[in-house]
Amino acid sequence: MRKPLLFALVLVLLTFSFRASDNMLTTTLPLIAKYYFHFSSLTIGLVSSLATVFAFLSSGLLNARLRGEARRRAFLIASTTYAISFPLFYFSSPANV
């Protein structure tokens, strides 16, 4: 009984963190592009659109087609990518983008 409860708790926490980080990314990315990198309006729109399209493709299409172990592996890769990429925003500048 204890193991399913722990699994459910971890699943809820991971779901919450992914939703929060996804929302953070889609709302912060255009602001970073505009005020920090001084991108044009067209470029800001393209960056925002690409981020949204890739989020849709990964969650709506890719995740729906993957089976058990492949979905688990994709989830772990995405978790690791999030954990590595978000702190790297701190070190980004117009010169290295």
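Numbering follows full-length UniProt numbering, with no gaps: position 65 of the sequence shown is 65. All C-beta atoms in this analysis are idealised placements derived from N, C-alpha and C, irrespective of residue type, glycine included.
Asked                                                                                                                                                             : Found
In the DSSP assignment, the alpha helix (DSSP H) including K34 goes from what residue to what residue?                                                            : Counting along the chain, K34 falls outside any alpha helix (DSSP H), and DSSP gives it neither H nor E.
Does DSSP put S40 in a helix, in a strand, or in coil?                                                                                                            : coil
Kindly indicate which three-state DSSP category S48 falls into: helix, strand or coil?                                                                            : helix
Is it the case that the Cβ atoms of V47 and F39 are separated by a distance below 9 angstroms?                                                                    : yes
Give the secondary structure of L5 by DSSP, where H, G and I count as helix, E and B as strand, and everything else as coil.                                      : helix
Leaving out five residues on either side along the sequence, give the residues of the same chain with a beta carbon under 6 angstroms from the beta carbon of Y3. : In the sequence as displayed, the identity of residue 3 is Lys instead of Tyr. No residues qualify anywhere along the chain.
Between K34 and the rest of its own chain, which residues show a CB-CB distance below 6 angstroms, the 5 nearest in sequence each way excluded?                   : I44
Using only the alpha-carbon positions, how far apart do P30 and L62 sit?                                                                                          : 25 angstroms
Judging by CA-CA distance, which residue of L11, S21, V12 is the nearest neighbour of Y82?                                                                        : S21
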